[in-house]
Every structure is written in structure tokens, then in C-alpha cells.
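> Numbering-wise (the working numbering), the sequence shown opens with residue 2 and increments by one.
Before we start, here is the structure in question, set down as C-alpha cells.
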Amino acid sequence: MTKILLCGDGNGAHVFTALATQNCGVQVNILSLYEPVRTQWQNSLKQGATLKVVREEKDTEESFEGNPVMVTDDAKAAADGAKILVFMNPAFTHDAYLNALEPYVTESMVIIALPSQPGFDFAIRKAWGDKASLVDVVVFDTLPWACKMSEIGKNARIYGTKDSMYGGISAKSKAKPHVTAALELVQRCLGQTPELRVTRPKLGVLLSTSNVQIHPGMFC
């Protein structure tokens, strides 16, 4: 079974987990470095709760259900066997996740940032050094949805879905079959919308993302 390492534990992470497990049947490992949310989500799993996400749009309502295999702060366990890393967390937390994952970086990993921030490539290089050359990075300018988690590990709601999202990638990475396969898998996880349009250089997306204005990065 394909494993996706999901970095983050907030609104978007809840929605992505349910959609990915129901739409694609993938194994989602959540790396959570925020103890209060991590503990509550772990407790929900221990109680046998199933995460339910309701999409409420255009006078229609549909639901998705699915749990992560794990919610942990153990980067080694979360990264074990995962070749796709989805970053769905605020920009100011990127450094912490990158530093935690550095010992477990392997060749042909694909990072998909939903969204990224200006300087994301530099953050990867700072945290991973020479290992940064082993991975391919795809950056997007926004979250796929307007969404809200109402009960940790149990309930979340989608209020709106983007029609499309623009992604950036280097020409070298775009030519690699395993990168194309990773993007196709994430598209299936999300569903028909938003359509992932990876048509731009990374720099163009990194300089236009609003995430840096909402969640400023910290490079100290």
C-alpha cells in the first residue's frame, strides 16, 4: 500500500486524511509536532473514532471518512516507507518538520507543499544540506479548500473547494516519472477539484503565495 507522510495536524490535514484514505485507499502517516492536537487525535484513534469530513457546497452535501494509520511525533516511524511528503502546515512550522525529518531523507522522495512559502527551497537546503538534492519539490500557492476542523480526529467540514491550484516545479523534476506519478496520486486523493496545474517555475509560485503573509516564516 502506498504511504503518504502528511506534515501537519490542522484543518487541512484533517480533510486531506479523510479524502486520501477514502478516494485512494492510501496509508496516511501524520507527523504532528504540536502536542495538544497530537494527543487528542491519538486518543480519538484509541477510542475507535472515525474521522468524518463533510463537504457542503452548492446546495449539496457529501461526506468522506477515513483515519490515519498513525499520528506521531516520531519522524522515523512516520517516514518509514513513505516516498511522498505532503506539507500542509503553517509556514512558521516548516523548519521544525524539516529538521525532524532530516535523518530519514531518502532518494526519490517527493515533497508536495500545499501551500509553500517564499524561501521554501532555502529552508529545505538549510535543514537537509546535501540531502536536499535527493528530493524533488513541487510547490502550490494555496490550500485546496476553505475548511474547518470541529473536533480533533473526529469531524471537519469543507465550506469551499478551489477550482484549480497552480503549482511550480523545476524542469528537471517535471521530467521524472516518479514525480508525475506522485502528483497524479495526490490529484486522485483530492478528487476532481481542485485541478492541480503544475505549469509554472517554482520561483513564480513561491513569490506569489499568500501563506507567507498569513503565517510568516522564521529563519533564525
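For each residue, glycine too, the CB sits at the ideal point set by N, CA and C.
For Lys4 and Met71, what's the separation of their Cα atoms in angstroms?
Stepping through the sequence shown from its first residue, residue 4 is reached at position 3. Stepping through the sequence shown from its first residue, residue 71 is reached at position 70. The alpha-carbon atoms of Lys4 and Met71 are separated by roughly 11 Å.
> Curious, which full-length beta strand (DSSP E) runs of at least 3 residues does the segment 86-139 contain?
111-114
> Quick one: residues in its chain with C-beta nearer than 6 Å to the C-beta of Arg56, no 5 flanking neighbours on either side, listed in chain order?
Against the sequence shown, residue 56 aligns to sequence position 55. If we look at Arg56 and ignore the five residues flanking it on each side, its Cβ neighbours are Glu63, Ile159.
> Please classify Phe123 as buried or exposed, where buried requires at least 16 other C-beta atoms within 10 Å of its C-beta.
Working through the sequence shown from its first residue, we reach residue 123 at position 122. Label assigned to Phe123: exposed.
> State yes or no: is the C-beta of Val16 within less than 8 Å of the C-beta of Trp146?
What you label residue 16 is simply residue 15 of the sequence shown in a count that begins at 1. What you label residue 146 is simply residue 145 of the sequence shown in a count that begins at 1. Yes; because the gap between Cβ atoms is below 8 Å, this pair is in contact.
> For Met150, which of Leu52, Trp129, Ala128, Cys8 has the nearest alpha-carbon?
Locating residue 150 in the sequence shown gives position 149, counting from the first residue. Nearest of Leu52, Trp129, Ala128, Cys8 to Met150, Cα basis: Leu52.
> Any idea which residues DSSP pairs Val38 with across the strands?
Taking the sequence shown and counting its residues from 1, one reaches residue 38 at position 37. Answer by DSSP bridge pairing: none, since Val38 is not bridged.
> Would the beta-carbon of Leu99 fall within 8 Å of that of Ala128?
In the sequence shown, counting from the first residue as 1, residue 99 sits at position 98. In the sequence shown, counting from the first residue as 1, residue 128 sits at position 127. A contact, by the Cβ cut-off of 8 Å.
> Please work out which residues of its chain come closer than 8 Å, Cβ to Cβ, to Thr200, disregarding the five sequence neighbours upstream and downstream, and give them in chain order.
As a first step, residue 200 is located in the sequence shown; it is residue number 199 there, counting from the start. Closer than 8 Å at the Cβ level, and outside the excluded window around Thr200, lie Tyr167, Gly168.
> Quick one: measure Cβ to Cβ for Gly67 and Thr18, integer angstroms, because I've assumed they're closer than 8 Å.
As a first step, residue 67 is located in the sequence shown; it is residue number 66 there, counting from the start. As a first step, residue 18 is located in the sequence shown; it is residue number 17 there, counting from the start. Their Cβ separation, rounded to whole angstroms, is 6 Å, which keeps Gly67 and Thr18 in contact under 8 Å.
> Can you tell me whether Asn68 is helix, strand or coil according to DSSP?
Against the sequence shown, residue 68 aligns to sequence position 67. If DSSP states are grouped into helix, strand and coil, Asn68 belongs with coil.
> Check each candidate in Met2, Gly154, Pro116 and name the one with the smallest Cα separation from Phe88.
Looking up residue 88 in the sequence shown gives position 87. Out of Met2, Gly154, Pro116, Pro116 has the C-alpha closest to the C-alpha of Phe88.
> Contact check, Leu6 vs Leu46 under 8 Å by CB: the rounded distance?
On the sequence shown, position 5 is the one that residue 6 refers to. On the sequence shown, position 45 is the one that residue 46 refers to. 17 Å between Cβ atoms; not a contact.
> According to DSSP, what are the bridge partners of Gly169?
Locating residue 169 in the sequence shown gives position 168, counting from the first residue. Its beta-bridge partners are Val140, Arg201.
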